[in-house]
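Quick note: the sequence shown uses my numbering, first residue 7, plus one each step. We put the beta carbon where it would ideally sit given N, CA and C, even for glycine. From a predicted model like this one, the values you see are computed outputs, not experimental measurements.
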Amino acid sequence: MHGVELRLPTGEALSLIAKSNLPALVRQEASILGMLQAHNLMVPQVHYVALTPPAYLMMKRIDGQAIFEPGDLAAYVHAMAALLARIHTTPLHREAEAILPLGAEVYQQVLDQHADVAQRWIGPAAEPLMQRAWLASPLNQPTLLHGDFWPGNVLWSEQAIVGVIDWEDAAIGDPLADLANSRREILWFFGVEAMHQFTEAYIDHAPALDLTHLPYWDCATTLFKIEQIASWCLSPDRQALFRQRSTWFMDQAVAALGTSS
Numbered sequence: 007m008h009g010v011e012l013r014l015p016t017g018e019a020l021s022l023i024a025k026s027n028l029p030a031l032v033r034q035e036a037s038i039l040g041m042l043q044a045h046n047l048m049v050p051q052v053h054y055v056a057l058t059p060p061a062y063l064m065m066k067r068i069d070g071q072a073i074f075e076p077g078d079l080a081a082y083v084h085a086m087a088a089l090l091a092r093i094h095t096t097p098l099h100r101e102a103e104a105i106l107p108l109g110a111e112v113y114q115q116v117l118d119q120h121a122d123v124a125q126r127w128i129g130p131a132a133e134p135l136m137q138r139a140w141l142a143s144p145l146n147q148p149t150l151l152h153g154d155f156w157p158g159n160v161l162w163s164e165q166a167i168v169g170v171i172d173w174e175d176a177a178i179g180d181p182l183a184d185l186a187n188s189r190r191e192i193l194w195f196f197g198v199e200a201m202h203q204f205t206e207a208y209i210d211h212a213p214a215l216d217l218t219h220l221p222y223w224d225c226a227t228t229l230f231k232i233e234q235i236a237s238w239c240l241s242p243d244r245q246a247l248f249r250q251r252s253t254w255f256m257d258q259a260v261a262a263l264g265t266s267s
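Okay, structure coming up:
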C-alpha cells in the first residue's frame, strides 16, 4: 500500500491509499466496499479502480490506527466482537454471492494444502477434520465473512472503532470461520482470558449461532496460519509466544472434538 496526498480545487486536502493486487481481487474488493458503504459499515471509500495490470484501487484513508496495547482490554474485545457480529448480520450475502468465493471452498483448498501440517500438529485427531463432513454440512446460515478480522485490520480513534480494512479475503460462509480465526488472533496478542471474553461477547450478539463445529473451524483456520508465523516480521520471543499459544489453541480444539464425537 502507498499513501497519496491530493489537493482539491476547493483547497481541501484528500488523503488516499493505493492498494495493488490481482485484477480479479481488486474488482472484488472494490465491489464489496461499495456494498458495505451502502449499509453504513465503516469501510474505506473507493475513489478509483484500475483493472489493467498493475491493478490497484484508490481508497480514502480512514483517520484511525490499529491498537495493540489497549488501555481497557475488556472494552476493546467487546467492541471488536460487536463489530464482527454486525458484519455477519449485514444483509448483503445474497447480493455478494455473485462476486465472492464460498468460504467452504476456500477451506477445502486449505485442508488439501495443509494435510501434512494437520498430521504434524494434531496427529490422529486430524482424521475427522480431514473427512470434512462438518464443512459439507454447515449448521449456520451463510453470511458475509471478512476473512481476516484481526486487530491490525480494525482502526480506532479516541477509543472508538472508526473502520475495518483489508477486505480482499472476504467470502460467503459459516460465520464460525471468522469467529475461529478472530479468537485465535485475540489469543495470540492478548491471551486466553481476552479470547474467552471476545468469544462470549460475540455469542451475546449472535445467540442463535450453532457452535457445534467451532472446534473444527479452530483447527482449520489455525492450520492456515500457523506455519506462516516464521515469515512475519516478529521478534523471536513473539514467534515463540504465538507458537505456544497456537499449540494450546489446537489442543483445546482437539479435546473438544473428542468430546463431541
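Whole-number beta carbon distance between residue j and residue i, since they are thought to touch under 8 Å
i, j, result
"ALA142", "VAL260", "Not quite, the Cβ-Cβ distance comes to about 21 Å (not below 8 Å), so this is no contact."
"THR96", "HIS45", "5 Å"
"ALA85", "ILE167", "6 Å"
"VAL83", "ALA214", "Not confirmed; about 21 Å, so no contact."
"GLY109", "ASP180", "6 Å"
"GLY190", "THR227", "Note on identity: in this sequence residue 190 is Arg, with Gly being the wrong assignment. Sure, about 6 Å apart at Cβ, within 8 Å."
Residues near residue i by beta carbon distance below 8 Å, same chain, minus five either side
i, result
"SER267", "Interpretation of SER267 is limited by its pLDDT of 47, a score under 50 that renders its predicted location unreliable; the figure taken from the coordinates is listed afterwards. Cβ within range, chain order: PRO134."
Where residue i falls: helix, strand or coil (DSSP)
i, result
"ILE167", "strand"
"SER267", "Confidence at SER267 is low in this model, with a pLDDT of 47, below 50, so the placement of that residue is unreliable and no value is reported for it."
"GLY9", "strand"
"ILE128", "helix"
"GLY70", "coil"
"MET48", "coil"
"SER237", "helix"
"LEU28", "coil"
"ILE23", "strand"
"LEU178", "Before going further, note that residue 178 is Ile rather than Leu in the sequence given. Of the three classes helix, strand and coil, the one that applies to ILE178 here is strand, per DSSP."
"ALA214", "coil"
Proximity below 8 Å, CB of residue i to CB of residue j
i, j, result
"HIS219", "LEU151", "no"
"LEU229", "VAL112", "no"
6 Å Cβ shell around residue i - same chain, five flanking residues per side excluded
i, result
"ASP122", "none"
"GLY169", "MET48, ILE68, GLY70, LEU161"
Close-in-space but distant-in-sequence residues of the same chain around residue i (CB under 7 Å, 5 per side omitted)
i, result
"ILE128", "CYS225, MET256, VAL260"
Check whether the stretch 189 to 203 touches the stretch 165 to 175, counting contact only when three or more Cβ pairs, one atom from each stretch, lie closer than 8 Å.
-> As far as the Cβ criterion goes, the stretch 189 to 203 does not touch the stretch 165 to 175, which means the pair count is below three.
Indicate whether the contact test is met: 3 or more Cβ pairs, each with one atom in the stretch 102 to 109 and one in the stretch 30 to 45, closer than 8 Å.
-> At 8 Å Cβ cutoff, the stretches touch.
Contact between the stretch 184 to 191 and the stretch 222 to 236 (3+ Cβ pairs under 8 Å) = Result yes; three or more Cβ-Cβ pairs closer than 8 Å.
If we count Cβ pairs, one from each stretch, closer than 8 Å, do we get three or more for the stretch 21 to 34 versus the stretch 49 to 67?
-> As far as the Cβ criterion goes, the stretch 21 to 34 touches the stretch 49 to 67, which means the pair count is three or higher.
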